[in-house]
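The sequence shown begins at 667 in this note's numbering and counts up one residue at a time. Positions of the beta carbon are idealized from the N, C-alpha and C atoms, including for glycine. Before any comments, here is the structure.
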Amino acid sequence: MRVLIVDDHPVTRDGLRTAFNLADEIEVVGEAASGEEAIQVVADTKPDIVFMDVRMPGMNGIQATRQIRENNPDTKIILFTIDESRASVAEAIQAGVSGYLLKDASVGELINAARQAMAGKAVIHPSLTQAFIEEVQLVDRPSSPEAPLSPREVEILQKIAYGATTKEVADQLGISFHTVKTHLERIFEKLGANDRAQAVAIAIRQGLVE
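Here's what the structure looks like:
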């Protein structure tokens, strides 16, 4: 796995690079100290995985994630942070991250998150998953029990929960981008959600996806 490390603290970058260099399955192809720099280095090196801090001067990790995912949809991004706020977790998932871990995660946990991302799955620290669900519970828009999701809608929402973009869902299912967007609009309406992040959290709470 080709990995890019993004953090504004040189000590953190050095530590991660040293640890990753000991893993046979990981090749560190670059480093960046800001969100803006990360966008350029991703364009230059085309990494499989970006490990990126959330809090950085200038463009933060979530803002950089949106730009990177738009320009390089195949690149998986795993955020690591000390920020456990509900809003940040929801915003990160909405941006299309493949992982959201706390900075006290072990190197083994980071490598496992990279493996899961390459397999099309998302890894979120349990305490952060709870924070995300709590964020959605603050929205006073109950779901509609009279309009359960269809099997296709559940399938699409599960892929979204794993961090897939609308285009990636379309490619994986062999349907058009417009069809996926239409399904998502119906999912939002049925679940009483404003966006992808809320729809995923509501579906997790109801046991529709995992």
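Contact check, residue i vs residue j, beta carbons under 8 Å
i, j, result
"Glu-693", "Val-669", "yes"
"Ile-744", "Ala-709", "no"
"Asp-674", "Pro-723", "yes"
"Lys-742", "Ser-764", "yes"
"Ile-841", "Ala-780", "no"
"Val-672", "Met-725", "no"
Delimiting residues of the alpha helix (DSSP H) encompassing residue i
i, result
"Asp-710", "701–711"
"Thr-845", "843–857"
"Val-866", "862–871"
"Ala-730", "727–737"
"Asp-673", "Run containing Asp-673: none; DSSP gives neither H nor E here."
"Val-773", "773–784"
"Glu-691", "Here Glu-691 belongs to no alpha helix (DSSP H), and DSSP marks it neither H nor E."
For residue i, the nearest candidate out of the options (CA to CA)
i, options, result
"Asn-778", "Val-763, Val-789 and Leu-768", "Val-789"
"Tyr-766", "Ala-836, Ser-772, Gln-824 and Val-755", "Val-755"
"Gln-760", "Met-718, Asp-861, Leu-850 and His-844", "Asp-861"
"Asp-740", "His-791, Gln-838 and Ser-842", "Gln-838"
"Ala-785", "Lys-825, Leu-768 and His-791", "Lys-825"
"Lys-787", "Thr-845, Gly-829, Thr-684 and Phe-717", "Gly-829"
"Ala-758", "His-791, Asp-770, Thr-678 and Leu-874", "His-791"
Endpoints, the beta strand (DSSP E) within which residue i is located
i, result
"Lys-833", "Taken as a continuous stretch (DSSP letters only), Lys-833 belongs to no beta strand (DSSP E), being part of the alpha helix (DSSP H) at 832–839."
"Val-820", "First-last for Val-820: 817–827, but that is the alpha helix (DSSP H), not the beta strand (DSSP E)."
"Thr-741", "Premise fails: Thr-741 is in no beta strand (DSSP E) and is neither H nor E."
"Asp-719", "715–719"
"Gly-765", "765–768"
Inset, instruction - Please determine if the region 726–735 and the region 696–705 are in contact, where contact requires at least 3 C-beta pairs separated by less than 8 Å. - result: Between the region 726–735 and the region 696–705 there are three or more inter-stretch CB-CB distances shorter than 8 Å, so the stretches are counted as touching.
Inset, instruction - Count the CB pairs spanning the region 733–748 and the region 813–826 that are closer than 8 Å, and state whether there are at least three. - result: Contact annotation: the region 733–748 does not touch the region 813–826, with fewer than three C-beta pairs closer than 8 Å.
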